[in-house]
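Okay, so here's the structure we're looking at.
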Amino acid sequence: MSYSNNPQPQHSAICPCCNPALTLLAEAFTMPRRMFLLGAGSFVTTVALGNKAEAMPTPLHPQSQLAQLQLAPNNVFADAIYINATVVTVNDNQPAAEAVAVKDGKILAVGDRRTIEALKGSTTQIFDLQGKTIVPGFIDPHGHVFQQGVAASVADLLPPPDGTVDSIAKLQEKLREWSQNPVAADVGWIIGNGYDDSQLQENRHPTRFDLDEVSTELPICVIHQSGHLGAVNSKALEIINITADTPNPPGGVIRRQAGSNEPDGVLEENAAYLALSAVAKTAKVSPDAPLNFARKGTEIYARYGFTTAQEGRATRGVYEVLKAAATAGTLAIDVVVYVDYLVHPDLHTWEVSRTYTDRLRLAGGKLTFDGSPQGRTAWLSQPYYKPPEGQPADYKGYGVYTEEQAMNLVDSAYQHNMQIIGHANGDAGIDQFIMVTQKATEKYGKGDANGTLRDRRTTLIHGQTVREDQLDAMKELGMFPALFPAHVFYWGDWHREVTLGPERAARISPTRSALNRDMKVTIHTDSPVVLPHATRTIWSAVNRCTRTDFVLGEDQCLTPLEALKALTIWAAYQHFEEDQKGSIEVGKLADFAILSDNPLTIDPMSIRDIEVLETIKEGTTVYKQ
Numbered sequence: 004m005s006y007s008n009n010p011q012p013q014h015s016a017i018c019p020c021c022n023p024a025l026t027l028l029a030e031a032f033t034m035p036r037r038m039f040l041l042g043a044g045s046f047v048t049t050v051a052l053g054n055k056a057e058a059m060p061t062p063l064h065p066q067s068q069l070a071q072l073q074l075a076p077n078n079v080f081a082d083a084i085y086i087n088a089t090v091v092t093v094n095d096n097q098p099a100a101e102a103v104a105v106k107d108g109k110i111l112a113v114g115d116r117r118t119i120e121a122l123k124g125s126t127t128q129i130f131d132l133q134g135k136t137i138v139p140g141f142i143d144p145h146g147h148v149f150q151q152g153v154a155a156s157v158a159d160l161l162p163p164p165d166g167t168v169d170s171i172a173k174l175q176e177k178l179r180e181w182s183q184n185p186v187a188a189d190v191g192w193i194i195g196n197g198y199d200d201s202q203l204q205e206n207r208h209p210t211r212f213d214l215d216e217v218s219t220e221l222p223i224c225v226i227h228q229s230g231h232l233g234a235v236n237s238k239a240l241e242i243i244n245i246t247a248d249t250p251n252p253p254g255g256v257i258r259r260q261a262g263s264n265e266p267d268g269v270l271e272e273n274a275a276y277l278a279l280s281a282v283a284k285t286a287k288v289s290p291d292a293p294l295n296f297a298r299k300g301t302e303i304y305a306r307y308g309f310t311t312a313q314e315g316r317a318t319r320g321v322y323e324v325l326k327a328a329a330t331a332g333t334l335a336i337d338v339v340v341y342v343d344y345l346v347h348p349d350l351h352t353w354e355v356s357r358t359y360t361d362r363l364r365l366a367g368g369k370l371t372f373d374g375s376p377q378g379r380t381a382w383l384s385q386p387y388y389k390p391p392e393g394q395p396a397d398y399k400g401y402g403v404y405t406e407e408q409a410m411n412l413v414d415s416a417y418q419h420n421m422q423i424i425g426h427a428n429g430d431a432g433i434d435q436f437i438m439v440t441q442k443a444t445e446k447y448g449k450g451d452a453n454g455t456l457r458d459r460r461t462t463l464i465h466g467q468t469v470r471e472d473q474l475d476a477m478k479e480l481g482m483f484p485a486l487f488p489a490h491v492f493y494w495g496d497w498h499r500e501v502t503l504g505p506e507r508a509a510r511i512s513p514t515r516s517a518l519n520r521d522m523k524v525t526i527h528t529d530s531p532v533v534l535p536h537a538t539r540t541i542w543s544a545v546n547r548c549t550r551t552d553f554v555l556g557e558d559q560c561l562t563p564l565e566a567l568k569a570l571t572i573w574a575a576y577q578h579f580e581e582d583q584k585g586s587i588e589v590g591k592l593a594d595f596a597i598l599s600d601n602p603l604t605i606d607p608m609s610i611r612d613i614e615v616l617e618t619i620k621e622g623t624t625v626y627k628q
């Protein structure tokens, strides 16, 4: 397999670089086709600046348990009481308890069994957990819940342990199975998501010829787990009109058969988006499909103990579908939404709020500064350990924005007091994010006459290669690190041997370095890049083991309690929701996950095997094993 000569790639304006391919597939299913194509082909978007918005209030903290109980009338009885439980509260003032009482979807009391049972009334339900563990409902600090619903609706090509596809033959088998689904005939395409060439026995991508063995009549499109590339069959190439004479699109690569210009079916970055554009133009999708994607995404999250998910890179089309799902009452859990600010520069005129309506709220804007380290498109300050084929030895990846674009985006968000989250994996991309944040802070950041920083909680998403000096700068600017230690398991060996080398790979997602600076830190799933598996996410942060059981960066390991906080109370803080969620305290929402074992006392290597037995959202069971 060979690459054709291509210019330096650049990301498109709508590339979210978490799973851009699935984002575009989601757009294909939610937006009018003409609008989708205009968005997919747009490489420059002007940031519109408007009037300064009023400052949002700082959230209030809950009253103490004692004060709450003293204020409660004597005749208040619980709707539900959970007894005989190991209650891990994630509340430093009351770390553990035996029982919890719930009233009107909120926590009424936390304490010993005798005290809590005194709140039993004639209609109170008693749940004996027989020693099982209750933790606060998990909160994903970054993920794509709608895209997870889309991914779950196409052929599952994930490798172990999340799936079963470890060879081209198994990939073909999965596609054949899905093609028998009536949906495939209705859609007119065979679509799969999640294969990883590094985990296939053949150590390569599937080609057009591999996919032709599945079908030559229906077009086929399969998406890589990273979302940065994919493969199509000959029928799809015909529909897309890619031939030996087709040049590489800006920011993309059409891979060729060895010794010729004939396309082999593998498409990178913006070349892959040509296939998704073809899906948008030709696929036939049921009107109910988008609502089903939203419902399915939240149900999958609930299965893993999450009571709050994030749609971390929405467009108007996706947001409107989520609003419709919320109004219809089909969201199983809360969804906090961040919209691509480059694509929608008028976002500050939308209903950005810190209040949920029917389990949905629009929280702010999403920015994207570079690509992914596993795809070697993250923007580094030093060259990649082993550059991609066809790139020079000093290849460092590339950014998304010019300095002017980045400055305009952050300036606009700060002018309108809107929270932003910024995807940046490479340290050069992080440098750019910090630089423009510093300038915006100097211009808009003072909250009072004493020069106190306004509490914006501007969030760095992923931060795989964030340096120590960058963490210092982030702390000074009040920026929040939302890191991705699950990468250690999924791609740690790849980073150590190919992308970053041993030294830099040992520091990916440096959670301990952040905590050593008295910074809060969160750990996320970036679903559907990986499954929203909460206990595996905690396990990764605690153990930092790769697929080959190599411990990568032992000095960056978290304790089990720290990792649990990073997926509960600190995640709530990142979203400005610490007054409502993230710990089991009186007055907060009754959002719980019931686990088979206690992550604080079990062997740390067994944390990933802990099962979620039940997920409770505001006192109502939304998942039960």
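With our numbering, the residue at position 580 of the sequence shown is 583, and numbering never jumps.
All residues carry an ideal CB built from backbone N, CA and C; glycine is no exception.
Note that this is a predicted model, so its numbers are computed, not measured.
Item	Value
Please report the straight-line C-alpha distance between M659 and V533, rounded to a whole angstrom.	With the chain covering only 4 through 628, there is no way to say anything about residue 659.
Which of the three DSSP states, helix, strand or coil, is assigned to L63?	Only weak support exists for where L63 lies, its pLDDT of 37 falling under 50; the coordinates are left without a value.
Should N87 and D143 be called a contact, given that it needs their Cβ atoms to be closer than 8 Å?	no
Note down the Cα distance separating D95 from A485, rounded to an integer number of angstroms.	22 Å
Beta-carbon within less than 7 Å of D600's beta-carbon, same chain only, minus the 5 sequence neighbours each way: which residues are those?	T136, I613
Is the segment 615-624 touching the segment 306-319 in the sense that three or more CB pairs, one from each, lie closer than 8 Å?	yes
Short of 6 Å in beta carbon distance, which residues of its chain neighbour Q128, apart from the five on each side in sequence? Order them along the chain.	A83
To the nearest angstrom, how far is it from the Cα of M384 to the Cα of D430?	Just to set this straight, residue 384 is Ser in the shown sequence, not Met. Their backbone Cα atoms lie some 6 Å apart in a straight line.
What are the uninterrupted segments assigned as beta strand (DSSP E) that are 3 or more residues long and contained completely in the segment 555-609, given in chain order?	595-598
Counting only the same chain and skipping the five closest in sequence on each side, list residues whose C-beta sits under 6 Å from that of E241.	none
Can you grab the Cα-Cα spacing for the pair T2 / V625, in whole Å?	In the structure as shown, the chain starts at 4 and stops at 628, and residue 2 therefore has no counterpart that could be examined.
Going by beta carbon distance, what residues of the same chain come within less than 8 Å of L277, once the five residues before and after it are set aside?	I243, I245, P252, G255, L270
Excluding five sequence neighbours on each side, which residues of the same chain lie with their C-beta closer than 6 Å to the C-beta of H578?	V339
As an exercise, report each continuous beta strand (DSSP E) stretch of at least 3 residues that is fully enclosed by the segment 135-200, in chain order.	136-139, 193-198
Which residues in the same chain as H490 place their Cβ atom closer than 7 Å to its Cβ, once the five residues preceding and following it in sequence are excluded?	Q467, I511, S512
For the beta strand (DSSP E) that T371 lies in, which residues bound it at each end?	363-371
Only counting the same chain, and skipping five residues up and downstream in sequence, which positions put a Cβ closer than 6 Å to that of G140?	T310, D594, F595, A596
Alpha carbons only, please: which of R364, R357, G368, S586 is nearest the one belonging to H347?	G368
Which residue or residues does DSSP assign as beta-bridge partners of T311?	I142, D337
Compute the distance between the beta-carbons of T352 and A329, then report whether it is under 8 Å.	no
Considering Cα atoms alone, identify which of A102, S182, E471, A335 is closest to I433.	E471
Identify, in the order they occur along the chain, each residue of the same chain with its Cβ nearer than 8 Å to the Cβ of K123, setting aside the five sequence neighbours on each side.	F80, A81, I84, I129
For G108 and F296, what's the separation of their Cα atoms in angstroms?	26 Å
Whole angstroms is fine: what's the gap from P602's alpha carbon to L564's?	8 Å
How many Å lie between G378 and G504 at the Cα?	15 Å
Where are the alpha helix (DSSP H) runs, 4 residues long or more, that stay fully inside the segment 235-296, in chain order?	237-243, 273-285
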